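Read the structure below first, then the notes.
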Amino acid sequence: MNDMSTAEIAATTAPAKITARNVQVYYGATHAIKNVSVDILDKAVTAFIGPSGCGKSTFLRCINRMNDTISVCRVEGKIEIEGEDIYDRRVDPVQLRAKVGMVFQKPNPFPKSIYDNVAYGPKIHGLTRNKAELDEVVETSLKKAALWNEVKDRLASPGTGLSGGQQQRLCIARAIATHPEVLLMDEPCSALDPIATAQVEELIDELRSQFSVVIVTHSMQQAARVSQRTAMFHLGELVEIDATETIFTNPSHKKTQDYITGRYG
Amino acid sequence: MSDIIATGAAVPARPKNSILVEDKLMKKRNAAEARFKAYGIAAIAISLATLAIMLWTIFSDGVSAFRQATLTFPVTLDAAKLDPQGARNPADLVKVTTVGYGTLLTTAFRAHLQEKGVSTEGLDDKAVGDMISKAAPAQLRDSVLANPSLIGTTKDISVYATGRIDGFLKGRVTMQTAERDANVSPEQLQLADRLREAGILKLQFNSGFLTNTDASDQRPEASGLGVAIIGSLYMMALVALMVLPVGVAASIYLEEFAPKNRFTDLIEVNISNLAAVPSIVFGILGLAIFINFAGLPQSSSLVGALVITLMTLPTIIIATRAALRAVPPSIRDAALGVGASKMQTVFHHVLPLAAPGILTGTILGLASALGETAPLLLIGMVAFVANYPAGPLEGGVMDPATALPVQVYSWAARSDPAFIERSSGAIIVLLFFLVVMNAIAILLRRRFERRW
């Protein structure tokens, strides 16, 4: 079945931002990701869908090497960002994560002020030379995250005092403040109400113009709304990846069709 | 499905009862709950009663240690006797011993009694002089040597009465006990009564209890906690300086950086075991390593602090690791996600959140170390120390000292009943320090706790 998806990928003309080849992930003795090869395009939103436990989050966390923090986790295969293997011996995952930002399932702002939340990344990576530049980065990041108007008068108040949706947008602002090239989102709306979800989805659509966005979601509607390409995972394997429209209207695999129509998973 | 219904035992349907009536099982469950609450309340009541009895005993025995019987009378510091050369030369002044000052005191005392018309009937001159503490001449001599300009003046001074007279004023010594006592006679007690009426003898607040050095069995009235308080303060300061950086660094390494393997597991188990090792074992360790091997001076607060540091480290490490573990992992993810290094994650985000827990754990660890006695006995801090240690900058931590709990122990072991109240008084001082430390722990916790 991998042959099939590789053929599909070959059909796309746009250059791939991320290319994963034969990725295997093991948690101790468990084989969590089996031989996954995908291409993720630049300036597009790619959605990962699939039933719980299919490995889509695990695969997402391979892209910024967050799995490194789990001692029993082992990754094999190759993941390249613009031709550079991120699992190369010379790569420091800390440096990689400045390039590949991440937004988590549960909003997790630092227990610091809104300003400090956004300023933290640029500060530790030395992206700004003075306070004025830092102020500017904070402002543009919050504006990009569509949060500026709501918080501009209370930048010094704690980030944890915001509502759930605002917190998640703050986390997005924090992630884009370091000017990443890729933005990984692990079910970013699962803890949000429908209104906040709509705001975040709108935001994702805007972010697409600057980043390569990868989003893991349990909501078929969300995948259909925000993504241009969708990858279907099942039991640690990639079932197929294609243009979102194709996946939802004319999937090549029965498993995909069963899943998106709610008959399975 | 139908098979199961056919063969399985029939489950009786729940009887249809009014919810206004308590059924049998509900009554039983409620009774069990009520019993459990009663046990809990009883346990707390017993603990509180025990605590109250303990505090009452300590305070009723110990409060009197802060008041001491003193004799107040004028003394003429006769220049002819104290400085025959008249040059106020320190070298000459030292030549007059406490015996000389003693004579001066007793003469002045008797003269004052005569002047006030207090009868010394039935008592010879020596017995009257013996009412004055044996520590008084030395105290007078010290004050004159410190301030030679006093020579030649007449001055009202307050000196301690002997422990027996003090005991008489506090009700510890009576006419009946005095008859069988070689140190005091009933006639002296009668004189004490008359002196009290004349306003010469009275119980006064005794700051010397907090500042004096220890004194021998013959002079319980002059003994104080000065050396013990200094020793305890030196030790606590040194322990805090040593235990906090080492304990916190070890905990952070073990919790955040160390690989999880058999070796670190072994270390972890052993830290827990060390926390349970009896403290006297650490005393023997300190004796062997710090005194016999490293050659550090015995009875010094430095050695005491080293031993207590070793003893407190496991507790601090366990408390610190618990505080670090209580920081939600989502914060670590967030920091790593924006590209913070492991060290930045720990020091920028995890440690500030864990700080209140770490501080509380450390201060409570120090508080329990403050009350530690057994290991200090082994390294010689129970010795009789009559000199104050030097200041902290002059190497005072190397000087012999005692500690508060050790002073409690050594006073409790003395034969003179006057030391019983002093032992309880020392416990009051120790409890005061413990309460202060716990209050600091609470304040720090409030101050650093992030409510957001």
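As you go down the protein sequences, you meet chains F and W in turn. Sequential numbering of the first sequence, starting at 1, is according to the numbering used here. Sequential numbering of the second sequence, starting at 1001, is according to the numbering used here. Ideal Cβ positions, reconstructed from N, Cα and C, are used throughout, including at glycine. These numbers come from a predicted model, not from an experiment.
Is it buried or exposed, residue i, if we count other Cβ atoms within 10 angstroms and call 16 or more buried?
i	result
Thr1174 (chain W)	exposed
Arg169 (chain F)	buried
Arg240 (chain F)	Checking the sequence, you will find Glu at residue 240 (chain F) rather than Arg. Counting Cβ neighbours within 10 Å, Glu240 (chain F) comes out buried, since at least 16 surround it.
Gln167 (chain F)	buried
Asp1214 (chain W)	buried
Asp1156 (chain W)	exposed
Tyr115 (chain F)	buried
Gly1117 (chain W)	exposed
Ala223 (chain F)	buried
Pro1400 (chain W)	buried
Met102 (chain F)	buried
Asp1142 (chain W)	exposed
Asn1206 (chain W)	buried
Trp1056 (chain W)	exposed
Met1026 (chain W)	exposed
Gly1163 (chain W)	buried
Pro15 (chain F)	exposed
Met66 (chain F)	buried
Met1001 (chain W)	With a pLDDT of 44 at Met1001 (chain W), under the threshold of 50, the modelled position of that residue is not reliable, and the figure given next carries that caveat. Exposed is the call here.
Leu207 (chain F)	buried
Asn117 (chain F)	buried
List the DSSP bridge partners of residue i.
i	result
Leu184 (chain F)	F:Met102, F:Val214
His234 (chain F)	F:Glu237
Gln1218 (chain W)	For Gln1218 (chain W), which the question treats as bridged, DSSP gives no partner whatsoever.
Asp85 (chain F)	F:Glu80
Thr46 (chain F)	F:Val214, F:Arg229
Ser113 (chain F)	F:Pro158
His31 (chain F)	F:Tyr26
Thr1070 (chain W)	W:Tyr1160, W:Lys1202
Val75 (chain F)	F:Val25
Val1075 (chain W)	W:Lys1155
Pro15 (chain F)	Pro15 (chain F) is not bridged to any residue.
Ile40 (chain F)	F:Ile18
Ser1300 (chain W)	W:Pro1400
Ala243 (chain F)	F:Arg229
Ile1132 (chain W)	W:Ala1161
Can you name, in chain order, every residue of its own chain whose Cβ lies under 7 Å from the Cβ of residue i, other than the five neighbours on each side?
i	result
Val1346 (chain W)	Ile1252, Glu1256
Pro122 (chain F)	Thr128, Leu134, Val137, Ala177, Thr178
Asn1387 (chain W)	Thr1213
Leu203 (chain F)	Ala145, Ala146, Arg169, Ile172
Ala1403 (chain W)	Ala1228, Gly1231, Ser1232, Met1235, Gly1304, Leu1376, Met1381
Trp148 (chain F)	Glu139, Leu142
Ser57 (chain F)	Asp186, Val216
Asn1089 (chain W)	none
Asn1017 (chain W)	Asp1023
Gly1224 (chain W)	Gly1208, Phe1209, Leu1210, Thr1211, Asn1212, Thr1213
Pro93 (chain F)	Arg65, Asp68
Phe248 (chain F)	Ala224, Ile260
Val1248 (chain W)	Thr1320, Ile1358
Among the residues of its own chain, which have a CB less than 8 Å from the CB of residue i, if the five just before and after it don't count?
i	result
His125 (chain F)	Ala98, Thr178
Gly164 (chain F)	Pro107, Ala191, Leu192, Asp193, Ala196
Leu1105 (chain W)	Val1075, Gly1129, Ile1132, Ala1136, Pro1137, Leu1140, Val1159
Phe1432 (chain W)	none
Ala1340 (chain W)	His1348, His1349
Glu189 (chain F)	The residue you asked about is not Glu; residue 189 (chain F) is Cys in the sequence shown. Answer for Cys189 (chain F): Gln168, Ala196, Thr197, Val200, Glu201, Thr217, Ser219, Gln222, listed in chain order.
Pro1417 (chain W)	Gly1167, Arg1172
Spatial neighbours of residue i within its chain, please: C-beta separation below 6 Å, excluding the five flanking residues on both sides.
i	result
Leu1453 (chain W)	The structure shown does not extend to residue 1453 (chain W), since chain W spans only 1001 to 1452, so no value can be given for it.
Glu8 (chain F)	Legend: pLDDT at Glu8 (chain F) = 48, less than 50; position of this residue unreliable, no value from coordinates given.
Ile18 (chain F)	Ile40, Ile81
Pro1314 (chain W)	Ile1271, Leu1274, Ala1275
Tyr27 (chain F)	Val72, Cys73
Ala1250 (chain W)	Ile1317
So does residue i have its beta carbon nearer than 7 Å to some heavy atom of the ligand COA?
i	result
Gln1218 (chain W)	Of the ligands one can find in the structure shown there are none, so the ligand COA has no counterpart to examine.
task = Tell me, please, whether the stretch 1134-1154 of chain W touches the stretch 1096-1105 of chain W by the rule of three or more beta-carbon pairs shorter than 8 Å.
result = Contact between the stretch 1134-1154 of chain W and the stretch 1096-1105 of chain W is present, because at least three Cβ pairs lie under 8 Å.
query = Taking a cut of 9 Å between CB atoms, which residues from the stretch 1330-1364 of chain W lie near chain F?
reply = Listed in sequence order: Ser1330, Ile1331, Arg1332, Asp1333, Ala1334, Ala1335, Leu1336, Gly1337, Val1338, Gly1339, Ala1340, Ser1341, Lys1342, Gln1344, His1348, His1349, Pro1352, Leu1353.
key: Meets three-Cβ-pair contact criterion under 8 Å: the stretch 1241-1248 of chain W and the stretch 1354-1369 of chain W   = Short answer: they touch.
ask   = Between the stretch 1254-1282 of chain W and chain F, which residues of the former have a C-beta closer than 8 Å to a C-beta of the latter?
value = Of all residues in the stretch 1254-1282 of chain W, the ones placed with a Cβ closer than 8 Å to any Cβ belonging to chain F are Pro1259, Lys1260, in chain order.
Residues, ordered as in the chain, of the stretch 112-132 of chain F that lie near chain W by beta-carbon distance below 7 Å = Contact residues of the stretch 112-132 of chain F toward chain W are Tyr120, Gly121, Ile124, His125 (C-beta to C-beta distance below 7 Å).
task = Quick one: which residues of the stretch 48-70 of chain F get their C-beta closer than 8 Å to a C-beta of chain W? List them in chain order.
result = Correct list: Asn64, Met66, Thr69.
task = Decide if the stretch 77-93 of chain F is in contact with the stretch 1318-1332 of chain W; the criterion is three or more beta carbon pairs, one per stretch, under 8 Å apart.
result = Too few Cβ pairs lie closer than 8 Å, so no.
key: Segment contact, 8 Å Cβ cut-off, at least three pairs: the stretch 1354-1363 of chain W with the stretch 1177-1192 of chain W   = Verdict: no, contact absent.
request  = Using a Cβ-Cβ cut-off of less than 9 Å, list which residues of the stretch 215-226 of chain F approach chain W; keep chain order.
outcome  = Within the stretch 215-226 of chain F, contact with chain W at the beta-carbon level (separation under 9 Å) is assigned to no residue.
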